[in-house]
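Peer 1: Handing you a structure now.
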Amino acid sequence: MKITAMTAFHVELPLEHAYWLSGGRLTFEVLDATVVKVETDDGVTGWGEGTPWGHTYVAAHGPGIRAGIETMARFVLGLDPRNVLEVERAMDLALPGHLYAKAPIDMACWDIIGQVAGRPIADVMGGGSRTPAPIASSVGAKTVEETRAVMDRYRSRGYVVHSVKVGGDVDRDIERIRDVEAHRPRGERILYDVNRAWTRQQAIRVMKATEHLGVMFEQPGETLDDIAAVRQLHAAPVSVDESLVTLQDAVRIARDGLAEVFGIKLNRAGGLTRAARMRDIALAHGIDMYVMATGGTVLADAEALHLAATIPDRHRLGVWACQDMITVDIANGRGPRNIDGHLHLPEGPGLGVHPDESALGEPVAVHRLP
Ligand code: MG
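In my numbering, the protein residues as written are 106 to 475.
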């Protein structure tokens with residue numbers, strides 16, 4: 106079997122509500138998605154998606170995904186998509202770094218592997234749990250009252266896991282965290298996501314002031330050095346996501362005890378192949394995990410769900426349904442959808458959901474074997 110064509114589509118995904126990242130410093134209204142179709146000489150077609158969470162979040166660029174695919178295409182065409190390690194090495198040779206541009210191709214290869222095996226990706230990766238995965242909400246940086254209103258809206262849809270964005274004004278962050286904890290029903294899991302917004306002194310002040318509440322913070326500093334610097338000065342558990350890009354990052358975090366939780370974002374890590382290695386490092390070091398896309402449609406949510414299903418239930422803290430935050434649906438309601446705040450692993454082969462090609466518009470690039 107060999108890859109005969111790769112077709113890239115550019116799809117704009119408007120957000121239902123404009124989004125303010127932690128600290129209120131960044132806002133955006135539309136996500137820039139790249140959907141990739143990978144065709145083979147056997148007639149099996151795989152699909153991948155790459156959607157950064159805006160261009161201001163981290164070093165991942167929507168148009169850069171399409172440019173990266175353009176650069177890598179001639180190195181990938183002709184390879185057997187079932188040999189994902191060969192595809193990975195070919196992409197690394199063609200374009201060092203730029204993991205987010207490689208993720209959609211890796212995803213499409215896994216979709217093909219699953220279809221050829223007639224089984225869901227999670228099963229061909231070694232066995233997928235059918236326990237429904239709790240979806241984490243995404244509660245933007247707001248006032249105390251707005252935070253309550255947004256969380257109640259999510260709760261009415263069954264959500265029991267929340268990612269509340271903080272970061273910025275120290276006093277307001279402390280006030281919001283206290284208020285959210287005071288209103289938290291039993292059994293809910295809440296992560297306070299700083300999205301790198303605090304300086305070291307801000308991190309220490311908020312984390313010390315909320316120590317008695319036993320809450321967990323995500324990415325409480327810009328870099329792993331910042332997180333390490335305050336590590337001994339507070340008692341809160343920490344999740345790292347923006348600074349978890351490479352396998353070397355995962356090893357450092359695990360070995361140096363910088364975090365108790367990994368927030369694995371598949372497109373940031375370069376796709377399922379690489380993210381699965383991070384999962385194994387986490388499991389070997391007693392580190393629990395959230396698994397998510399950085400954004401996108403039901404395709405991206407489904408990919409993350411497959412990896413999440415390969416994690417023992419007690420170590421898998423949650424997934425995400427970015428599909429609930431956008432106003433377009435490229436798969437006509439198919440694929441894993443929010444059911445009482447959870448996603449259920451699709452039983453179809455491969456990814457278990459494919460886009461409606463007519464919803465993608467005209468391709469922006471078609472790369473074919475000569
Ligand atoms: Mg985060």
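Ideal Cβ placement from N, Cα and C applies to all residues, glycine included. Computed from a predicted structure; not experimentally measured.
Shortest alpha-carbon distance to Asp393 belongs to which of Glu323, Met430, Asp429 and Gly153?
Peer 2: Glu323
Peer 1: In the DSSP assignment, find the unbroken alpha helix (DSSP H) run with Thr378 in it and report its ends.
Peer 2: Leu377 to Ala389
Peer 1: Can you tell which of Ala380, Asp146, Ala359 and Arg360 has its C-alpha closest to the C-alpha of Ile369?
Peer 2: Ala380
Peer 1: What residue from Met321, Ile226 and Gly183 has the CA that sits closest to Gly453's CA?
Peer 2: Minimum Cα distance to Gly453 is reached at Ile226.
Peer 1: Counting along the chain, where does the beta strand (DSSP E) carrying Trp425 start and finish?
Peer 2: Arg421 to Trp425
Peer 1: The ligand MG and Asn300: does the residue's C-beta get closer than 7 angstroms to at least one heavy atom of that ligand?
Peer 2: yes
Peer 1: Please report the residue range of the alpha helix (DSSP H) in which Leu404 lies.
Peer 2: Val403 to Ala414
Peer 1: So that I know if they touch, is there some Cβ in chain D lying closer than 8 angstroms to that of Thr145?
Peer 2: Structure shown: chain D not included; a single protein chain is present.
Peer 1: Does Lys313 come out as helix, strand or coil in the three-state DSSP assignment?
Peer 2: helix
Peer 1: What separation, rounded to the nearest whole angstrom, lies between the Cα atoms of Ala371 and Leu377?
Peer 2: The question names Ala, but residue 371 in the sequence shown is Leu. Looking at the two C-alpha atoms, the distance is approximately 6 angstroms.
Peer 1: State the DSSP-derived secondary structure class of Leu75, mapped to helix, strand or coil.
Peer 2: With the chain covering only 106 through 475, there is no way to say anything about residue 75.
Peer 1: With burial defined as no fewer than 16 other Cβ atoms inside 10 Å of the residue's Cβ, what is the status of Pro475: buried or exposed?
Peer 2: exposed
Peer 1: Who are the Cβ neighbours of Cys427 in its own chain at under 7 angstroms, not counting the five residues just before and after it?
Peer 2: Ala398, Gly400, Gly401, Ala405 and Asp406
Peer 1: Are Val140 and Val116 closer than 8 angstroms when you measure CB to CB?
Peer 2: yes
Peer 1: Can you determine whether any heavy atom of the ligand MG sits closer than 7 angstroms to the C-beta of Gly151, and answer yes or no?
Peer 2: no
Peer 1: Please state whether DSSP places Trp152 in a helix, a strand or coil.
Peer 2: strand
Peer 1: Helix, strand or coil: how does DSSP classify Ser268 here?
Peer 2: Ser268: strand per DSSP, three-state reduction.
Peer 1: Judging by CA-CA distance, which residue of His411, Asp211, Ala464 and Asn300 is the nearest neighbour of Ala178?
Peer 2: Asp211
Peer 1: Verify the contact flag: Glu323, CB atom, against every heavy atom of the ligand MG, threshold strictly below 7 angstroms.
Peer 2: yes
Peer 1: Quick one, which of Tyr259, Asp346, Val221 and Pro468 has its alpha-carbon nearest Met106's?
Peer 2: With distances taken between Cα atoms, Met106 lies closest to Val221.
Peer 1: With H, G and I counted as helix, E and B as strand and the rest as coil, what does DSSP make of Leu363?
Peer 2: coil
Peer 1: Three Cβ pairs or more, each shorter than 8 angstroms: is that satisfied between the stretch 253-270 and the stretch 175-191?
Peer 2: Judged by pairs of C-beta atoms under 8 angstroms, the stretch 253-270 does not touch the stretch 175-191, as fewer than three such pairs exist.
Peer 1: According to the Cβ coordinates, are Val343 and Glu365 closer than 8 angstroms?
Peer 2: In contact: Val343 and Glu365 (Cβ atoms closer than 8 angstroms).
Peer 1: Counting Cβ pairs closer than 8 angstroms, one from the stretch 226-240 and one from the stretch 432-450, do we hit at least three?
Peer 2: yes
Peer 1: Tell me whether Ser242 sits in a helix, a strand or coil according to DSSP, three-state version.
Peer 2: strand
Peer 1: Among the residues of its own chain, which have a CB less than 7 angstroms from the CB of Gly233, if the five just before and after it don't count?
Peer 2: Only Pro225, Ala227, His411, Ala414, Thr415 and Leu450 meet the Cβ criterion.
Peer 1: With a threshold of 7 angstroms (Cβ to nearest heavy atom), would Gly368 be considered close to the ligand MG?
Peer 2: yes
Peer 1: Is any heavy atom of the ligand MG found at a distance shorter than 7 angstroms from the C-beta of Asp346?
Peer 2: Inclusion of Asp346 in the 7 angstroms shell around the ligand MG follows from its C-beta lying nearer than that to a non-hydrogen atom of the ligand.
Peer 1: Report the partner residues of Asp298 according to the DSSP bridge assignment.
Peer 2: Lys270 and Glu323
Peer 1: Could you spell out the range, first to last residue, of the beta strand (DSSP E) harbouring Glu144?
Peer 2: Thr132 to Thr145
Peer 1: What does DSSP give as the partner residue(s) for Ile369 in the beta ladder?
Peer 2: BP columns for Ile369 point to Val396.
Peer 1: Is the separation between the beta-carbon of Leu352 and that of Arg305 shorter than 8 angstroms?
Peer 2: no
Peer 1: In the DSSP output, which residue or residues are listed as bridge partners for Arg281?
Peer 2: DSSP lists no beta-bridge partner residue for Arg281.
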